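Novice: In our numbering, the protein residues as written are 3 to 930.
Note that beta-carbon positions come from the ideal geometry of N, C-alpha and C, so glycine has one too.
Source: prediction; values computed, not measured.
Structure incoming, see below.
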RNA sequence: AGGACUAUAGCUCAGUUGGUUAGAGCGCUACCUUGACAUGGUAGAGGUCCCCAGUUCGAAUCUGGGUAGUCCUACCA
């Protein structure tokens with residue numbers, strides 16, 4: 003074995019071995035455990051959030067697989083309609099053409115080509131993380147099977163009246179030329195203006211002043227609204243005003259939606275271009291006048307003078323024209339929330355179009371109930387509030403998109419605009435008895451990507467067919483995902499699954515039992531990682547390392563705003579002057595677990611991964627030590643030979659049980675931070691720091707019996723073998739590599755650690771007596787080390803120690819453990835002072851009643867020791883004062899539970915005794 | 001506007017149903033290359049647990065009120 007751990011070679015070797023041997027597939031077992039991967043964008047690449055979530059899923063999967071569950075991790079990718087189409091369109095743009103030049107069929111071919119070309123990227127990256135999904139079952143949302151499921155769901159919902167087509171106001175993206183859902187609109191505050199316009203009253207005298215942030219929409223106004231109780235305007239309700247620039251007259255109406263306080267109290271109403279106005283228009287039966295075209299240029303029924311102008315050019319022109327007419331009253335600065343498309347970034351227009359909708363309200367009822375009654379549980383719990391809030395006020399879901407890449411809507415239109423929904427043109431002809439010569443044209447639109455994602459848990463298992471996989475692995479065990487897609491995905495999955503997947507008795511099936519909601523991975527400043535901020539970390543770069551120049555190049559390439567590149571370059575050079583080291587997959591994964599406390603976002607601190615890389619190295623070297631001492635030696639696997647366990651052996655076996663229990667608790671409660679901390683502490687602070695050191699006096703002592711050596715070797719190797727399995731779900735590669743060497747010596751055989759049983763805590767193996775003895779031993783050793791450290795006595799200098807005042811238990815412990823004590827505290831002699839025997843000047847440490855004396859000779863500075871003692875005394879004094887205050891308080895003694903009081907009393911006594919001894923010691927030194 | 005979350009060591013974070021000397025990693029200081037490991041060992045310094053009030057024998061922990069920050073949802077034209 004190398005002196006330092008070298009992850010790169012090990013990782014690729016073992017991954018190929020595991021995958022080629024089929025270890026990732028379900029291995030059978032009584033109970034089942036299954037997770038559906040949130041399908042990443044097929045042409046995307048892995049970011050830190052993926053890395054984090056995959057690491058968590060993989061730990062759960064490996065844990066359950068080792069526990070003997072029949073475990074399925076279903077993997078697959080998403081076609082990501084808009085995102086993927088945009089990428090391909092940009093490629094075309096670079097060639098100077100657009101999708102319309104190619105035509106629909108040829109364009110879709112191009113997207114498929116791109117999918118084939120880049121689709122392997124994300125799955126390759128998943129493999130680098132050590133993820134162990136069943137690749138043989140990999141699915142894609144546009145696969146034939148999944149597409150069938152999509153069609154089936156659409157048709158059934160339509161027939162049930164839960165999907166309908168309607169002309170409504172939608173969020174229109176004028177660049178992408180498609181409707182998008184409410185969720186895909188991001189509203190941010192921006193600086194703008196509030197324009198005040200005068201609308202003259204019909205009949206000549208006076209005017210009303212309206213305020214607007216979007217002047218161009220006035221072309222489509224069909225009313226002016228005032229509050230019904232607004233005395234200023236009460237007399238005008240029902241009158242008409244002249245709408246400037248249009249030659250139309252529109253009524254003044256009363257509606258209590260109007261805020262008396264805001265602006266002038268008069269609101270221009272544009273039902274075809276504003277969601278609130280749309281609702282008001284419906285209430286009052288107002289006409290809807292569309293004044294835009296698909297590009298959001300002026301069009302529709304707008305006055306000819308403005309037709310063809312871009313919406314923002316038209317805005318300027320209309321303000322100028324109104325000004326020229328003397329109708330512009332004033333312009334105020336105004337902050338407003340501007341809706342932009344999350345993909346295109348352009349301002350979204352409310353726009354009247356025909357679209358398909360899902361009646362979400364109907365589906366939401368059971369989905370709310372499932373969470374209310376605990377069938378589905380969010381972890382952490384507080385996300386349920388978010389879920390409820392949204393679900394209880396859910397709006398119908400616009401599912402049609404005017405894109406080419408996606409599942410085409412299974413509806414056919416005749417020339418009269420009548421439409422028929424069905425599986426194919428032939429099917430609808432048959433079903434509706436349509437004449438052969440009746441021309442039919444399929445709907446041009448595709449479905450929102452999230453429509454197919456909503457079916458993911460069951461469509462991947464073969465639904466609508468009643469497959470064995472569906473019966474066995476659905477409902478799934480847990481969904482691991484980010485809070486950002488609770489509405490987009492989680493809620494819709496719950497609605498769709500409850501509606502379509504039934505148990506044999508007809509009751510609805512949940513998509514999953516738990517929803518584990520992870521925090522967002524942010525940069526070390528707490529900023530969201532984004533390409534435009536240039537603070538993105540690529541998980542693969544943390545695994546393989548990257549030099550500074552490549553990192554800078556990567557972060558500044560293909561920027562949407564090239565002017566940011568210089569700033570990003572500077573920040574990157576400052577933060578990573580040496581580039582990024584190669585830390586390996588195991589270190590990265592362990593970092594994710596250690597940071598995965600629930601309910602908060604994660605600031606990714608590069609220092610943590612460095613620490614866990616060191617942990618890998620520690621593990622590596624611990625294993626090296628064990629192998630050096632055990633390979634080719636008798637490791638006690640032959641039960642017929644005498645085998646003697648030392649105190650340390652018994653102790654570490656007990657500690658292993660404790661660690662196993664704690665890790666299981668962490669894993670079961672999704673507390674990966676606690677589980678990872680427990681195993682870290684066990685391995686480093688118990689096994690390496692103490693146990694390996696305690697094994698040396700036995701193994702290296704010529705005089706130790708063969709039985710004792712056998713016992714220690716057996717414990718060394720068995721405990722190591724066990725904690726490798728314990729650690730495997732978190733650090734798959736290093737554990738496999740070491741386990742292959744260690745397992746045979748521990749009497750284990752098997753092709754891979756992956757399929758070994760997970761260690762289960764055996765409370766019987768905990769040894770409280772051994773524990774107490776080791777704690778005593780540690781106390782004595784630490785006491786002496788403390789003197790050594792604070793007195794600056796070189797670690798290499800062997801010391802003589804005198805012991806005084808201990809009881810019989812101390813004597814027994816000393817007697818049994820002298821060799822350990824000598825080795826670990828580097829002592830050449832231990833002398834127990836007889837009663838009345840004079841002690842030389844010495845530094846002191848206390849373990850209970852036992853006094854440990856390190857004679858000063860020329861080693862210890864008298865003043866330094868006095869200072870050390872007085873520091874200790876000061877600490878005790880403070881503590882004693884606190885304890886005394888408590889115990890003298892009658893209400894404490896009276897009201898606190900007896901055991902608490904007793905504990906405080908004991909503490910008090912111990913501290914008093916210690917105080918007394920330290921004071922005596924001070925006196926002795928002073929008297930010298 | 002409504003809601004959620006967060007505030008603990010220089011930094012990143014733990015802290016179970018109230019009872020600890022308030023912990024870990026990184027960083028820092030001193031000493032040390034001793035036969036697994038300097039990606040290491042030993043020892044150490046470092047905290048008004050955001051503030052105020054309350055409940056309680058006892059509060060980092062529970063309650064109320066502030067302050068600061070993050071996020072979500074809905075929005076006034």
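Where does residue 797 fall in DSSP's three states?
Specialist: Taking the first residue of the first chain as 1, we reach residue 797 at position 795. Looking at residue 797 - three-state DSSP - the assignment turns out to be coil, as it is neither helix nor strand.
Novice: Using three-state DSSP, classify residue 102 as helix, strand or coil.
Specialist: Locating residue 102 in the first chain gives position 100, where the first residue counts as 1. Reduced to three states, the DSSP call for residue 102 is helix.
Novice: Taking only the alpha-carbon atoms, compute the straight-line gap between residue 428 and residue 148 and give it to the nearest angstrom.
Specialist: Counting from one through the first chain, the residue named residue 428 turns up at place 426. Counting from one through the first chain, the residue named residue 148 turns up at place 146. So the alpha carbons of these two residues sit roughly 21 Å apart.
Novice: With 16 as the cutoff for other CB atoms within 10 Å, does residue 259 come out buried or exposed?
Specialist: Along the first chain, read from residue 1 onward, the residue named residue 259 stands at position 257. Exposed is the call here.
Novice: On the DSSP letters alone, give me the boundaries of the alpha helix (DSSP H) that residue 574 sits inside.
Specialist: Position 572 of the first chain holds residue 574. Run containing residue 574: 567-577, per the alpha helix (DSSP H) assignment.
Novice: Assess, as a yes-or-no matter, whether the segment 33-51 is touched by the segment 18-25 under the definition of 3 or more beta carbon pairs within less than 8 Å.
Specialist: No contact exists between the segment 18-25 and the segment 33-51.
Novice: For residue 656, name the three-state secondary structure that DSSP assigns.
Specialist: Locating residue 656 in the first chain gives position 654, counting from the first residue. Correct three-state label for residue 656: helix.
Novice: Just grab the DSSP bridge partners of residue 333 for me.
Specialist: Stepping through the first chain from its first residue, residue 333 is reached at position 331. Paired residue(s): 197.
Novice: Are the segment 416-433 and the segment 380-400 touching by the rule of at least three beta carbon pairs closer than 8 Å?
Specialist: No, they do not touch.
Novice: So, at 7 Å on beta carbons, what are the nonlocal neighbours of residue 895 in its own chain, with the 5 sequence-adjacent residues on each side left out?
Specialist: Within the first chain, the letter at position 893 stands for residue 895. Correct list, in chain order: 889 and 903.
Novice: Can at least three beta-carbon pairs, one atom from the segment 69-76 and one from the segment 125-138, be found at a separation below 8 Å?
Specialist: They touch, by the three-pair rule.
Novice: Helix, strand or coil for residue 469, going by three-state DSSP, please let me know.
Specialist: Here residue 469 corresponds to residue number 467 of the first chain, with the count starting at 1. In the structure shown, residue 469 sits in coil (DSSP, three-state: anything other than H, G, I, E or B).
Novice: Are residue 79 and residue 41 touching if we call contact CB-CB under 8 Å?
Specialist: Position 77 of the first chain, counted from the start, is the residue given in the question as residue 79. Position 39 of the first chain, counted from the start, is the residue given in the question as residue 41. Yes, the pair counts as a contact, with Cβ atoms nearer than the cut-off.
Novice: Can you tell me which of 182, 520 and 464 puts its alpha carbon nearest to the alpha carbon of residue 595?
Specialist: Start at 1 with the first residue of the first chain, and residue 595 comes out as number 593. Nearest C-alpha to residue 595: 520.
Novice: Put residue 168 into one of helix, strand or coil per three-state DSSP.
Specialist: For the purposes of this step, residue 168 is identified with residue 166 of the first chain, where counting begins at 1. If DSSP states are grouped into helix, strand and coil, residue 168 belongs with the strands.
Novice: Please name the residue in 720, 652 and 844 whose C-alpha comes closest to that of residue 767.
Specialist: Along the first chain, one-based indexing puts residue 767 at 765. Nearest of 720, 652 and 844 to residue 767, Cα basis: 652.
Novice: Have a look at the DSSP bridge pairing and note the partners of residue 400.
Specialist: Translated into the one-based positions of the first chain, residue 400 becomes position 398. Per DSSP, 359.
Novice: How would you call residue 97, buried or exposed, if buried means at least 16 neighbouring beta carbons within 10 angstroms?
Specialist: Along the first chain, read from residue 1 onward, the residue named residue 97 stands at position 95. When all chains shown are included, residue 97 counts as exposed.
Novice: What number of angstroms, rounded off, separates the C-alpha of residue 27 from the C-alpha of residue 53?
Specialist: Within the first chain, residue 27 is the residue found at index 25, counting from 1. Within the first chain, residue 53 is the residue found at index 51, counting from 1. Their Cα atoms are separated by approximately 21 Å.
Novice: Please report the straight-line C-alpha distance between residue 447 and residue 85, rounded to a whole angstrom.
Specialist: The sequence position of residue 447 within the first chain is 445, counting from 1. The sequence position of residue 85 within the first chain is 83, counting from 1. Roughly 16 Å separates the two Cα atoms.
Novice: CB of residue 700 to nearest heavy atom of the ligand ATP: below 7 Å?
Specialist: The model on display carries no ligand, and the ligand ATP is accordingly not part of it.
Novice: Per the DSSP calculation, residue 530 is bridged to which residue(s)?
Specialist: Here residue 530 corresponds to residue number 528 of the first chain, with the count starting at 1. In the DSSP output, where bridge partners are listed per residue, residue 530 has 524.
Novice: Output the residue ranges of the alpha helix (DSSP H) runs that lie fully inside the segment 830-881 and measure 4 residues or longer, sorted by chain position.
Specialist: If we require 4 residues or more, the segment 830-881 turns out to have no alpha helix (DSSP H) run fully inside it.
Novice: For the segment 151-166 against the segment 455-468, do three or more pairs of beta-carbon atoms, one drawn from each stretch, fall closer than 8 Å, so that the two count as touching?
Specialist: Yes: the two stretches touch, three or more of their Cβ pairs being nearer than 8 Å.
Novice: Got a sec? Which residues, its chain only, sit under 8 Å from residue 166 by beta carbon, not counting five neighbours each side?
Specialist: Within the first chain, numbered from 1, the residue matching residue 166 stands at position 164. Hits under 8 Å: 160, 358, 359 and 361.
Novice: With burial defined as no fewer than 16 other Cβ atoms inside 10 Å of the residue's Cβ, what is the status of residue 399: buried or exposed?
Specialist: Along the first chain, read from residue 1 onward, the residue named residue 399 stands at position 397. Its Cβ being crowded by 16 or more others within 10 Å, residue 399 is buried.
Novice: Could you say which of 677, 607 and 541 lies nearest to residue 55 if we only look at CA atoms?
Specialist: By 1-based counting over the first chain, the position of residue 55 is 53. Checked all of 677, 607 and 541; the closest Cα to residue 55 is 541.
Novice: Quick check: the segment 823-834 against the segment 776-792, are there 3 or more CB pairs under 8 Å?
Specialist: The segment 823-834 is in contact with the segment 776-792.
Novice: Do residue 832 and residue 855 count as a contact pair if the criterion is CB distance below 8 Å?
Specialist: Along the first chain, read from residue 1 onward, the residue named residue 855 stands at position 853. Along the first chain, read from residue 1 onward, the residue named residue 832 stands at position 830. The answer is no: Cβ separation not under 8 Å.
Novice: According to DSSP, is residue 192 part of a helix, a strand, or is it coil?
Specialist: In the first chain, counting from the first residue as 1, residue 192 sits at position 190. Strand, per DSSP.
Novice: Grab the span of the beta strand (DSSP E) containing residue 72 for me, first residue to last.
Specialist: Within the first chain, residue 72 is the residue found at index 70, counting from 1. Its beta strand (DSSP E) spans residues 72-76.
Novice: Just to confirm my understanding: we take residue 772, look at its own chain, exclude 5 residues before and 5 after, and list those with CB closer than 7 Å. What are they?
Specialist: Residue 772 sits at position 770 when you count from the first residue of the first chain. If we look at residue 772 and ignore the five residues flanking it on each side, its Cβ neighbours are 649, 652, 653 and 656.
Novice: Report, in whole angstroms, the separation of the C-beta atoms of residue 34 and residue 474, which I expect to be a contact under 8 Å.
Specialist: Residue numbering aside, residue 34 sits at position 32 when the first chain is read from its first letter. Residue numbering aside, residue 474 sits at position 472 when the first chain is read from its first letter. Contact flag correct, Cβ pair sits at about 6 Å.
Novice: For residue 586, is the classification buried or exposed, using 16 other Cβ atoms within 10 angstroms of its Cβ as the cut-off for buried?
Specialist: The residue given as residue 586 occupies position 584 in the first chain. Looking at its Cβ environment, which holds 16 or more other Cβ atoms inside 10 Å, residue 586 is buried.
Novice: Can you give me the Cβ contacts of residue 667 inside the same chain, cut-off strictly under 8 Å, excluding the 5 residues immediately before and after it?
Specialist: Residue numbering aside, residue 667 sits at position 665 when the first chain is read from its first letter. Only 673, 676 and 677 meet the Cβ criterion.
Novice: Note down the Cα distance separating residue 589 from residue 163, rounded to an integer number of angstroms.
Specialist: Position 587 of the first chain, counting from 1, holds the residue named residue 589. Position 161 of the first chain, counting from 1, holds the residue named residue 163. Rounded to whole angstroms, residue 589 to residue 163 spans 53 Å at the Cα level.
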